[in-house]
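Sequential numbering from 1166 applies to the sequence shown in the numbering used here. Backbone N, C-alpha and C fix where the C-beta goes; we use that ideal spot for every residue, glycine too. For reference, the structure is listed below as structure tokens.
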Amino acid sequence: METRELRYFVAVAEELHFGRAAQQLGIAQPPLSRAIQQLERRLGAALLERGSRGVTLTEAGSVLLREGRAALDAIDAAERRTRRAALAPTGQPGVVLVTKAGATGELLAKLLDAYAAEPGAVAVDVMLCGIGEQERLLRDGRADVALLHRPFDSTAGLDTEELHAEGQVVVLPAGHPLTGRARVRMSDVAALPGLPLPRWPHADGTFPDGAGPPVHHHTQLLQLIALGRASAILPESVRAELRDGLVAVPVADAPTVTTVIAWPPHSRSRAVAALVRAATRL
């Protein structure tokens, strides 16, 4: 398959509409349709069902969409990492580490200090991102290594080492009746009147339906909680960030959050390997 054909197919498969996909790609619709038909002939499989009600994916098309996204991510990542290596001023590219803004602050500081003490340590550029974005930045090559949090972030297809496991707390405005308890349960939090849980963005940037406010980052979320507009269930380490007016109460039946350091399985970077070793020793 040609990369161009694969990009064309992914655009159509995501839009499920040839006209919108052609507009997104900046080409006319007839050559797009011909390219998809040529791809289907080459593979010997129908990828799309075309009907009066629109376009749907066949089972083979669903497989190619999943695999095609991963292949295109790998191509984009290879290009980005190659360009970064070529532009490195010392001839030795640094490492880009991505983490969610407002999360794992203490762990990150310890990790950077530990790695800086390693012989041959290179510069580490820390990229702080919004909620749910670090996985995508790692997969598309804008970052070399990431701190991810299971079960919220997917680590499928990545190499990982577990660094830290912790329980979760509900963060509430000071003075709320639940702040007087030693611990609560998920059902207690779900039933809170006037303090809905936030809606976190999907990988594509869209938000799920619900009554809670859409939230992009921790600073915004903590401000909403302090104003009495929301509550949130977060890893216990968030206690270090809480200001006056916010109280954290343990949630007894919330799932454990595991912080992992993750990197692409094909990485051969000695700097990434050294950073991972420093992380696992902490």
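Environment of residue i [buried if 16+ CB atoms lie within 10 Å]
i       : result
Thr1445 : exposed
Arg1246 : buried
His1431 : exposed
Gln1189 : exposed
Pro1400 : buried
Ser1352 : exposed
Ser1402 : buried
Glu1298 : buried
Gln1202 : exposed
Thr1264 : buried
Val1414 : buried
Leu1447 : exposed
Residue i - DSSP class collapsed to helix/strand/coil
i       : result
Pro1338 : strand
Leu1293 : strand
Pro1361 : coil
Ile1426 : strand
Ile1390 : helix
Glu1283 : coil
Ala1251 : helix
Glu1214 : strand
Leu1447 : coil
Leu1407 : coil
Thr1384 : helix
Ala1417 : coil
Residue from the options with nearest C-alpha to residue i
i       : options                            : result
Val1310 : Pro1195, Glu1167, Ser1434          : Ser1434
Ala1308 : Pro1429, Ala1438, Ala1439, Glu1170 : Pro1429
Ala1438 : Ala1193, Arg1199, Gly1285          : Gly1285
Gly1359 : Thr1344, Gln1333, Pro1420, Gly1393 : Gly1393
Phe1183 : Gly1219, Val1422, Val1354, Ala1279 : Gly1219
Asp1290 : His1341, Ala1397, Gly1259, Gln1333 : Gly1259
Val1336 : Arg1248, Ala1355, Leu1293, Gly1375 : Ala1355
Ala1321 : Val1422, Arg1249, Ala1235, Ser1217 : Ala1235
Leu1411 : Ala1281, Gly1345, Arg1249          : Gly1345
Gly1375 : Ala1443, Pro1361, Leu1386, Ala1279 : Pro1361
Leu1407 : Leu1276, Glu1283, Val1334          : Val1334
Val1228 : Leu1208, Asp1278, Leu1343          : Leu1208
Pro1420 : Glu1283, Gly1191, Phe1317          : Phe1317
Own chain partners of residue i with C-beta closer than 7 Å, once the 5 adjacent residues on each side are dropped
i       : result
Thr1223 : Ala1211, Leu1212, Leu1213, Glu1214
Ile1240 : Thr1168
Thr1424 : Thr1269, Leu1272, Leu1312, His1314, Leu1328, His1329
Ser1319 : Glu1300
Gly1233 : Leu1171, Phe1174, Val1175
Ala1187 : Ala1193, Gln1194, Leu1197
Val1287 : Gln1257, Gly1259, Val1260, Ala1436
Neighbourhood of residue i by C-beta, 6 Å cutoff - its chain only, sequence neighbours within 5 removed
i       : result
Pro1373 : Arg1364
Leu1323 : Ala1427
Asp1238 : Arg1304, Asp1305
Arg1350 : Ala1417, Asp1418
Leu1230 : Ala1178
Arg1248 : none
Start and end residues, beta strand (DSSP E) containing residue i
i       : result
Gly1219 : 1219-1222
Ala1330 : 1324-1331
Leu1399 : 1397-1400
Arg1315 : 1310-1315
Thr1264 : 1260-1265
Residues near residue i by beta carbon distance below 8 Å, same chain, minus five either side
i       : result
Leu1389 : Pro1363, Pro1378, Val1380, Ala1395
Gly1295 : Lys1265, Ala1266, Pro1366, His1381, His1382
Thr1221 : Leu1181, Leu1213, Glu1214
Extent of the continuous alpha helix (DSSP H) run through residue i
i       : result
Ala1355 : 1351-1355
Pro1196 : 1194-1208
Thr1344 : It is not in any alpha helix (DSSP H) - Thr1344 carries neither H nor E in the DSSP assignment.
Ala1187 : 1183-1190
Arg1172 : 1168-1180
Arg1348 : Taken as a continuous stretch (DSSP letters only), Arg1348 belongs to no alpha helix (DSSP H), as it is neither H nor E.
Arg1433 : Run containing Arg1433: none; DSSP gives neither H nor E here.
Glu1300 : 1299-1304
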